[in-house]
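Presented below is the structure to which this report refers.
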Amino acid sequence: MDLDTGGGGKRKGRHTPEMNVTPLVDVVLVLLIIFMVITPAMFEQFWVNIPNDPDDLPEAATDPSQPLVVSVNAEGGIRINRDVVPDAQFPERLTRVLAARGDRKIFFDAHDDVPFERAAEALDLSREGGASTVAVMTSPVDDD
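Be aware that the sequence shown starts at 274, since it is given in our numbering, and climbs by one per residue.
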């Protein structure tokens, strides 16, 4: 194989082979376009709700020595310890309380007059709020 070093003249009648890079460039551009389309779909995203003010948590809920009790009163209202929380705010509030405690365990109690569906809704909201372990209480919570 003859290598052209640039020195001297070329011999007449002898053809120097050249590599055709056009197909290579085409393949590289197609791969570039494929990766540009696929890359945004590869990132996993999740939303993080950061509490605005950590001081608005109830004191009893942030005290780790006391058990965290989620209860449903006779009127159907859901309570975190002693504070009645609206259904729309309950999962977010419970998430913040559980994060402040560092423990994902709750105790659940429902009044005897509460329909089963309402108690099941409260349990579903508790799971949505991040409770990993739910202990059902057999004795009622004292309403001091």
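Ideal Cβ positions, reconstructed from N, Cα and C, are used throughout, including at glycine.
Since we're looking at a predicted model, the values are computed, not measured.
Once the 5 residues before and after residue i are set aside, which same chain residues still bring their CB inside 6 Å of it?
i	result
Lys378	Thr406
Gly422	Within the shown structure, residues of the chain are numbered from 274 to 417, placing residue 422 beyond reach of any answer.
Asp386	Ala347
Gly350	Val357
Any idea what DSSP makes of residue i, helix, strand or coil?
i	result
Asp397	helix
Asp299	helix
Gly368	The sequence as given places Thr at residue 368; Gly does not occur at that position. Looking at Thr368 - three-state DSSP - the assignment turns out to be helix.
Arg377	coil
Which value, in whole angstroms, describes the spacing of the CA atoms of residue i and residue j?
i	j	result
Val342	Phe380	5 Å
Val370	Ala392	20 Å
His288	Pro296	22 Å
Thr411	Ala373	26 Å
Glu394	Pro313	37 Å
Arg352	Pro359	9 Å
Val294	Met309	22 Å
Ala404	Phe316	27 Å
Arg400	Asp382	15 Å
Asn322	Ile306	35 Å
Glu390	Ser338	31 Å
Gly286	Leu302	36 Å
Short of 7 Å in beta carbon distance, which residues of its chain neighbour residue i, apart from the five on each side in sequence? Order them along the chain.
i	result
His384	Val345, Asn346 and Ala347
At what residues does the beta strand (DSSP E) containing residue i begin and finish?
i	result
Val357	Asp356 to Val358
Thr406	Thr406 to Val409
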